[in-house]
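Colleague:
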Amino acid sequence: MLKITTFTDPMMGLSYESEPFFRKLETHFAGHIEFHTVMAGLVRNVYDFVNPADLAISEAMAIERYLPHLAAIYNAEQSISGMPISMENLDLFSTDRTSSIPLNLAYKTVQQLAPEKADEFLYRLRFATIVEVRPTTKLNELARVAGQVGINEQTFLNAYHLDDVKASLTEDFQRFQQLGIRGLPAYLLEYQGKQVVVNGVLDDRQFFILIAQLTQNNLLPQKPEISQSTVKNLIEKHKLISPIEIQYAFGLASVNDIMPYLNPLLMNGEIKRIEVKDRRKLSSLNYSFFSLYGPYRVL
Numbered sequence: 255m256l257k258i259t260t261f262t263d264p265m266m267g268l269s270y271e272s273e274p275f276f277r278k279l280e281t282h283f284a285g286h287i288e289f290h291t292v293m294a295g296l297v298r299n300v301y302d303f304v305n306p307a308d309l310a311i312s313e314a315m316a317i318e319r320y321l322p323h324l325a326a327i328y329n330a331e332q333s334i335s336g337m338p339i340s341m342e343n344l345d346l347f348s349t350d351r352t353s354s355i356p357l358n359l360a361y362k363t364v365q366q367l368a369p370e371k372a373d374e375f376l377y378r379l380r381f382a383t384i385v386e387v388r389p390t391t392k393l394n395e396l397a398r399v400a401g402q403v404g405i406n407e408q409t410f411l412n413a414y415h416l417d418d419v420k421a422s423l424t425e426d427f428q429r430f431q432q433l434g435i436r437g438l439p440a441y442l443l444e445y446q447g448k449q450v451v452v453n454g455v456l457d458d459r460q461f462f463i464l465i466a467q468l469t470q471n472n473l474l475p476q477k478p479e480i481s482q483s484t485v486k487n488l489i490e491k492h493k494l495i496s497p498i499e500i501q502y503a504f505g506l507a508s509v510n511d512i513m514p515y516l517n518p519l520l521m522n523g524e525i526k527r528i529e530v531k532d533r534r535k536l537s538s539l540n541y542s543f544f545s546l547y548g549p550y551r552v553l
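Here's what the structure looks like:
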């Protein structure tokens, strides 16, 4: 079994854009990879990222001028895989919200309360941050996302402040530091006593090469069968998913190739299509997600 550990932060657009690559690993190495996530705290202090000249004038001005710059960085990252990003009126940081640590702590809270929901929560939190452009450094926003994955909001808020959760996050940070990782995202691949740490975004082809090298070709990708049933199974596993992720998961040439499998599910009401804002006026399919009906549909 190959183990891939991702060191990241819920606010990271680079990790959000990497979701299609992980869907492909998941389906092309079915049953042979364990995926794990470690929080690494991308923005410990937002003032480390602002323009020093603006900060010399005031903290408020520094953040006000930094946010459009951050939005531009997010928007540029869409070129990695095409996952929709359209940042406007970004309000992720303020003079009383100066760190992404709350998002990291929220993930560890859900991991402790309901570990089986942690991956879904992380995806939802990225969706709220990057697609919905909500101020997810606010505690009530984090509780809202927890509610979306079926966790009682008050239960989440109570656990969020527990020392055990804070200690668990500290352990994540210590592991990140012990490996000497300098940038995010980073990946630790482990196989039969061998391991390798890689910094920066890896696409599916780079992962395939790295896995073949690490496993000495013991693990090689196998293209999965595509059918209405296998597409539905993928959406059942990932209750909110983009068509780009489905395209990668089944190794298709374009997102249009998935529609014959999705249209019957849409017509039968088994899934719904969620449109998101398309600032660039690109294909509407590229700017949509698919979701199961049920308690997960409220966005």
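Here the sequence shown is numbered in our numbering, starting from 255 and rising by one per residue.
Yeah, the Cβ is synthetic: ideal placement off N, Cα and C, and Gly gets one too.
Just so it is clear, the structure is predicted and the values come from calculations on it, not from any experiment.
If I'm right that Phe-275 touches Asp-458 with Cβ under 8 Å, what's the distance once you round it to whole angstroms?
Modeller: That belief holds up - the Cβ atoms of Phe-275 and Asp-458 are roughly 4 Å apart, short of 8 Å.
Colleague: With a cut-off of 8 Å, do at least 3 Cβ pairs link the region 366 to 386 to the region 312 to 322?
Modeller: The answer is no - the region 312 to 322 does not touch the region 366 to 386, with fewer than three Cβ pairs under 8 Å.
Colleague: Check Met-293 in the structure and name its three-state DSSP category.
Modeller: DSSP places Met-293 in the strand class (E or B) of the three-state scheme.
Colleague: Between Ser-353, Gly-437, Lys-531, which has its C-alpha nearest Asn-299's C-alpha?
Modeller: Ser-353
Colleague: With distances taken between CB atoms, is the gap from Leu-443 to Lys-486 smaller than 8 Å?
Modeller: no
Colleague: Leu-411 by DSSP, collapsed to three states: which one?
Modeller: helix
Colleague: Classify Ala-507 as helix, strand or coil using the three-state DSSP reduction.
Modeller: coil
Colleague: What's the C-alpha gap between Glu-479 and Ile-500?
Modeller: C-alpha separation (whole angstroms): 12 Å.
Colleague: Leaving out five residues before and five after Glu-280 in sequence, what residues of the same chain have Cβ atoms less than 8 Å from its Cβ?
Modeller: Taking Glu-280 as the centre and dropping the five residues before and after it, the same chain places the C-beta of Ile-287, Phe-289, Ala-503 closer than 8 Å to its C-beta, in chain order.
Colleague: Does the count of Cβ pairs from the region 491 to 500 and the region 465 to 472 closer than 8 Å reach three?
Modeller: The region 491 to 500 is not in contact with the region 465 to 472.
Colleague: Can you tell which of Phe-430, Thr-391, Lys-420, Tyr-541 has its C-alpha closest to the C-alpha of Phe-261?
Modeller: Phe-430
Colleague: Would you decide whether Pro-322 is buried or exposed? Buried here means 16 or more other CB atoms lie within 10 Å of its CB.
Modeller: exposed
Colleague: Taking the beta strand (DSSP E) that Thr-260 belongs to, which residues open and close that run?
Modeller: 256 to 262
Colleague: Between Tyr-270 and Ile-311, what straight-line distance do the alpha-carbon atoms span, to the nearest angstrom?
Modeller: 34 Å
Colleague: With Val-485 as the anchor, note down where its alpha helix (DSSP H) starts and where it stops.
Modeller: 482 to 491
Colleague: Which residues bound the beta strand (DSSP E) around Ile-528?
Modeller: 525 to 529
Colleague: With a 10 Å radius around its C-beta and 16 neighbouring C-beta atoms as the bar for buried, classify Ser-508 as buried or exposed.
Modeller: exposed
Colleague: Since Pro-497 contacts Leu-539 with CB under 8 Å, what's their CB separation in whole angstroms?
Modeller: 6 Å
Colleague: Is Asp-350 buried or exposed, if buried means 16 or more other CB atoms sit within 10 Å of its CB?
Modeller: So Asp-350 counts as exposed.
Colleague: Report the CB separation of Leu-296 from Asp-263 in whole angstroms; it is logged as a contact under 8 Å.
Modeller: 4 Å
Colleague: How many angstroms separate the CA atom of Phe-543 from the CA atom of Phe-381?
Modeller: Approximately 10 Å between the Cα atoms of the pair.
Colleague: Only counting the same chain, and skipping five residues up and downstream in sequence, which positions put a Cβ closer than 7 Å to that of Leu-506?
Modeller: Counting only Cβ-Cβ distances below 7 Å, and skipping sequence neighbours, we find Ile-512.
Colleague: Could you have a look at Glu-386 and say whether DSSP puts it in helix, strand or coil?
Modeller: coil
Colleague: Comparing C-alpha positions only, which one of Gln-432, Arg-527, Leu-357 sits nearest to Lys-392?
Modeller: Leu-357
Colleague: For Ile-405, name the three-state secondary structure that DSSP assigns.
Modeller: coil
Colleague: Leaving aside the five residues before and after Arg-527 along the sequence, list all residues of the same chain whose C-beta is less than 7 Å from its C-beta, in chain order.
Modeller: Leu-520, Ser-542, Phe-544
Colleague: Quick one: grab the DSSP three-state call for Asn-453.
Modeller: strand
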